[in-house]
Amino acid sequence: MQRKQRLLIVEDEVAIRTGLVDVFVYHGFDVDFAADGISGLDMASSGRYDLIMLDVMLPGRNGFEVCEAIRNGDREQAIIMLTAKSTDDDVIQGLALGADDYVTKPFSVAQLVLRVQAVLRRTCSSATEEAVMRLGNGIEIDVLNLCAYINGTSVRFTRREIEVLQYLYEHSDRPVPRDELLNKVWGYARHMDIETRTVDIHVAKLRRKIESDASQPQHLVTIRGGGYRLMSGH
Ligand code: CA
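Take a look at the structure:
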């Protein structure tokens, strides 16, 4: 199972907040919420959210202050502001303080979901060149943010999955035996059957994420008697 994207919704109006939580849970997000700026900032500071949705008018500290404080602590945090008024000043101030996007109330839920997906896609592809693994078919994997955009969907990886991919990528000129992966990625010195299965399980998970047909892998292929080989585009 790939990790769900984590969303923090900071909104004091109960009806809007409840509606947003329902919508994003329905769309497969892992959603937390806060009802004021102080607890919102507190939760945001954990750094565990893929995206934070921030109302401007909040008790405690307003959305602009919270946005600025989050941005000062984490340059990469994805933030969308919810502004009540569509005055240009509000929008400009929000974007100047580092929000990735804004949505004006009243908003259409479908619009908001699209905006969230667009921001997540952008933050996923913002990695520097050396932090990107390129496979064939235009697949680009963001090593730092553990994600990729494949066939129109955002895919998340675990740290270990990325480590496996990275090792195969760096040695993509040859097949890599399971023992070598266990040694280099997991740090195991000796071969054991159960640990070899660990490699196979990770490869199976990776295939479900990067291959269009996991039973007919084009990227992460099995070399009979040789291990695994990543057919990269480089
Ligand atoms: Ca409000």
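So for the sequence shown, the working numbering puts the first residue at 22; every next one is plus one. Every residue, glycine too, gets a C-beta built ideally from N, C-alpha and C.
I'd like the span of the alpha helix (DSSP H) that includes residue i, first residue to last.
{"i": "M64", "result": "58-65"}
{"i": "V87", "result": "84-94"}
I need the straight-line Cα distance from residue i to residue j, nearest angstrom please.
{"i": "I73", "j": "H48", "result": "16 Å"}
{"i": "V153", "j": "V176", "result": "14 Å"}
{"i": "E191", "j": "S129", "result": "45 Å"}
{"i": "L156", "j": "A99", "result": "26 Å"}
{"i": "D33", "j": "I160", "result": "40 Å"}
{"i": "R229", "j": "Q26", "result": "18 Å"}
{"i": "S253", "j": "I162", "result": "11 Å"}
{"i": "V35", "j": "L79", "result": "12 Å"}
{"i": "T39", "j": "N166", "result": "29 Å"}
{"i": "A225", "j": "R250", "result": "13 Å"}
{"i": "V42", "j": "V134", "result": "12 Å"}
{"i": "R245", "j": "R199", "result": "12 Å"}
Return helix, strand or coil for residue i, following the three-state DSSP convention.
{"i": "A225", "result": "helix"}
{"i": "T174", "result": "strand"}
{"i": "E32", "result": "coil"}
{"i": "Y249", "result": "strand"}
{"i": "L72", "result": "strand"}
{"i": "Y123", "result": "strand"}
{"i": "E184", "result": "helix"}
{"i": "I162", "result": "strand"}
{"i": "A210", "result": "coil"}
{"i": "L118", "result": "coil"}
{"i": "M22", "result": "Only weak support is given to the placement of M22: the predicted model assigns it a pLDDT of 39, under 50, and the question is left unresolved by the model."}
{"i": "L189", "result": "helix"}
{"i": "T217", "result": "helix"}
{"i": "R142", "result": "helix"}
Excluding five sequence neighbours on each side, which residues of the same chain lie with their C-beta closer than 6 Å to the C-beta of residue i?
{"i": "A55", "result": "V31, G61, M64"}
{"i": "D122", "result": "I101, R136, V140"}
{"i": "L118", "result": "F85, C88, E89"}
{"i": "I171", "result": "I160"}
How is the beta strand (DSSP E) around residue i delimited, first residue to last?
{"i": "V52", "result": "51-55"}
{"i": "A99", "result": "99-104"}
{"i": "V153", "result": "153-155"}
{"i": "L202", "result": "From DSSP, L202 is part of no beta strand (DSSP E) but of the alpha helix (DSSP H) over 199-202."}
{"i": "V242", "result": "241-244"}
Can you give me the Cβ contacts of residue i inside the same chain, cut-off strictly under 7 Å, excluding the 5 residues immediately before and after it?
{"i": "G208", "result": "none"}
{"i": "C168", "result": "C145, S175, V176, R177, F178"}
Which same chain residues end up closer than 8 Å to residue i when comparing Cβ atoms and leaving out the 5 residues on each side of it in sequence?
{"i": "G58", "result": "V31, L79, P80, G81, R82, N83, G84, E86, V87"}
{"i": "D221", "result": "R199"}
{"i": "D95", "result": "G68"}
{"i": "T219", "result": "L203, W207"}
{"i": "Q187", "result": "M154, V164"}
(message) Which residues end up in the neighbourhood of ligand 3 when you take C-beta atoms closer than 6 Å to any of its heavy atoms?
(response) With respect to ligand 3, the structure shown offers nothing to examine, as its ligands consist of ligand 1.
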